[in-house]
């Protein structure tokens, strides 16, 4: 069963997923956080990626789980930005980043996991594993999320992630993300 509540779709869109409309939300070529964009790969699976970003204050969507995530860090949308790297074609993977300026790195991942779980009507499997020689958090088993499992790493005040049903693409993306 796939999680598909409106709030879950919102979180997934914020995360970087093209299914619900982040591509269209960023289609105007937004570059609110070029430094965050620069952390994302330019290519994946031999395909060039479009990299864009948006400030949290520009997000028109509402999500109680997302706002609770920020509040748990003592932050607001003014402290938040997101970046996305995606293919204009049929690549089954998206790479993204959430930055919460000044957030405690030790609280980012637990807060993100709680927001993902709160946004889902289906209990999501959350597990630590090694991918491309790095420890990652995997959110979702195959079939739990529409676009495949989400693999997440923390870097300072940012969460970097890839979502794909193809483990090889996930490993390539994780390897290209900075330590």
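Numbering (this note's numbering), first residue to last: 1000 to 1178. Glycine included, every Cβ here is placed at the ideal spot set by N, Cα and C. Just so you know, these numbers come straight off a predicted model, no measurement behind them.
Restricting attention to 1123, 1169, 1103, 1144, the CA atom closest to the CA of residue 1157 is found in 1103. Contact between residue 1127 and residue 1134 holds: their C-beta atoms lie close to 6 Å from each other, under 8 Å. A distance of 8 Å or more separates the beta carbons of residue 1130 and residue 1096. As the crow flies, the alpha-carbon of residue 1075 is around 6 Å from that of residue 1069. For the pair residue 1154 and residue 1177, the Cα-to-Cα distance works out to about 8 Å.
When the alpha-carbon of residue 1172 is set against those of 1035, 1032, 1039, 1033, the nearest one is in 1039. Residue 1067: member of the alpha helix (DSSP H) spanning 1063-1071, first to last residue. The C-beta of residue 1092 has 16 or more other C-beta atoms within 10 Å across all chains shown, which makes the residue buried. Measuring C-alpha to C-alpha distances from residue 1034 to each of 1073, 1071, 1098 identifies 1098 as the nearest.
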